Amino acid sequence: QQQVKQSPQSLIVQKGGIPIINCAYENTAFDYFPWYQQFPGKGPALLIAIRPDVSEKKEGRFTISFNKSAKQFSLHIMDSQPGDSATYFCAATGAARQLTFGSGTQLTVLP
Amino acid sequence: GAVVSQHPSWVICKSGTSVKIECRSLDFQATTMFWYRQFPKQSLMLMATSNEGSKATYEQGVEKDKFLINHASLTLSTLTVTSAHPEDSSFYICSASVRAETQYFGPGTRLLVL
């Protein structure tokens with residue numbers, strides 16, 4: 186199975202809140218899990234990525250938590266700001282190096 | 004670093020014409036480039052994978068005669084939509100691979116076929 190399931194579809198939080206976006210995969214051959222941020226009318230930008238031998242990775246206000254046994258990973262955005270309002274995509278790739286994207290989460294951070 | 008550009012950023016054309024979109028890696032050499040299509044409020048769908056100097060590999064359901072891909076150099080790949088029709092209107096995005104798993108995306112090209 187190549188599918189990556191992402192939830193929720195949309196998320197609204199207050200400024201300073203910690204939105205959490207979840208993804209699940211089935212293909213155990215996936216070995217690289219990036220998160221992308223996309224603003225309207227723009228291409229996706231790489232935020233942070235993790236490999237399955239690590240359970241957590243933090244870069245700035247963005248943290249990935251990875252649960253290999255459950256085949257799940259999530260993105261946490263600390264101290265969220267209105268400028269973080271965007272669509273977030275999780276993705277996964279294996280040996281073929283083709284990205285399989287989740288369906289996306291539209292995040293709105295209220296001032 | 005790792006900047007990818009696309010040209011044009013948007014294009015409007017008449018039905019039946021062909022449109023060429025360029026994707027360039029500006030500060031690195033990309034052995035592999037990918038072309039995606041994205042409809043409003045939807046995820047990215049991989050159309051094809053392009054390796055420099057070889058034929059592109061198309062995903063199932065993508066017409067290779069309609070979406071011509073050329074990867075002439077390590078910094079340039081082109082997508083030509085031939086005989087475009089209104090249903091081809093979409094947001095086309097390319098990406099380029101530096102290391103094996105990291106893909107950097109271009110800003111996208113919005114195509115509107117009248």
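Just so you know, the sequences run in chain order F and U. Following the working numbering, the numbering of the first sequence begins with 186 at its first residue and continues without gaps. Following the working numbering, the numbering of the second sequence begins with 4 at its first residue and continues without gaps. Even glycine gets a Cβ: it sits at the ideal position worked out from N, Cα and C. Treat the numbers as computed from the prediction; the structure is a model and nothing was measured.
Put F:P219 into one of helix, strand or coil per three-state DSSP.
In the three-state DSSP reduction, F:P219 falls in the strand class (E or B).
Whole-angstrom Cβ separation of U:I24 and U:T81, contact assumed at under 8 Å?
7 Å
Residue closest to U:A87, alpha-carbon to alpha-carbon, out of U:M48, U:Q32 and U:V22
U:V22
Note down the Cα distance separating U:L49 from U:S18, rounded to an integer number of angstroms.
Computed Cα separation, rounded: 24 Å.
Tell me the start and end of each unbroken beta strand (DSSP E) in the region 15-99 of chain U that is at least 3 residues and wholly inside, in chain order.
22-28, 35-41, 47-54, 70-76 and 79-84
Neighbour-count burial assignment, F:L246, 16 or more Cβ in a 10 Å radius:
Strictly speaking, residue 246 of chain F in this sequence is Arg, with Leu absent from that position. Result: exposed.
Extent of the continuous beta strand (DSSP E) run through F:K290:
Rather than Lys, the amino acid found at residue 290 of chain F in this sequence is Thr. Start and end: T290 to L295.
How many Å lie between U:W38 and U:I96 at the Cα?
6 Å
Would you decide whether F:L260 is buried or exposed? Buried here means 16 or more other CB atoms lie within 10 Å of its CB.
buried
Through-space distance from F:G228 to F:A280, alpha-carbon basis
C-alpha separation (whole angstroms): 24 Å.
Ranges of the beta strand (DSSP E) found wholly within the region 233-279 of chain F, counting only runs of at least 3:
241-244, 247-252, 257-262 and 271-277
So what's F:I197 in DSSP terms, helix, strand or just coil?
DSSP places F:I197 in strand when its eight states are reduced to three.
8 Å Cβ cutoff, U:T34 in contact with chain F:
no
Below 8 Å CB to CB, which residues in the same chain sit around U:F70 once its five sequence neighbours on both sides are set aside?
Listed in chain order, the non-local C-beta contacts of U:F70 below 8 Å within the same chain comprise W38, M50, A51, Y61, L82, T83, V84 and T85, local neighbours out to five positions each way being set aside.
CB U:Q9 to CB U:S93, shorter than 8 Å?
no
Using a Cβ-Cβ cutoff of less than 8 Å, which residues in the same chain neighbour U:G111 once the five nearest sequence positions on both sides are dropped?
Excluding residues within five positions, the ones whose Cβ falls inside 8 Å are Q9, S12, Q41, F94, Y95 and I96.
For F:K190, the three-state DSSP class (helix, strand or coil):
strand
Buried or exposed for F:S254, going by 16 or more other Cβ atoms inside 10 Å?
exposed
F:K242 touches chain U at which residues, Cβ-Cβ below 9 Å?
Near F:K242 there are no residues of chain U at all, since even the closest Cβ is about 14 Å away, more than 9 Å.
Hey, is the region 229-241 of chain F in contact with the region 187-196 of chain F, meaning 3+ C-beta pairs nearer than 8 Å?
No, the region 229-241 of chain F is not in contact with the region 187-196 of chain F.
Residue environment, U:L117, which counts as buried when at least 16 other CB atoms sit within 10 Å
exposed
Ignore the nearest five residues each way along the sequence and tell me which others in U:N54's own chain have a CB closer than 6 Å to its CB.
T35
Residue-level contact to chain F via CB, U:F108, 8 Å cutoff:
Yes, contact with chain F.
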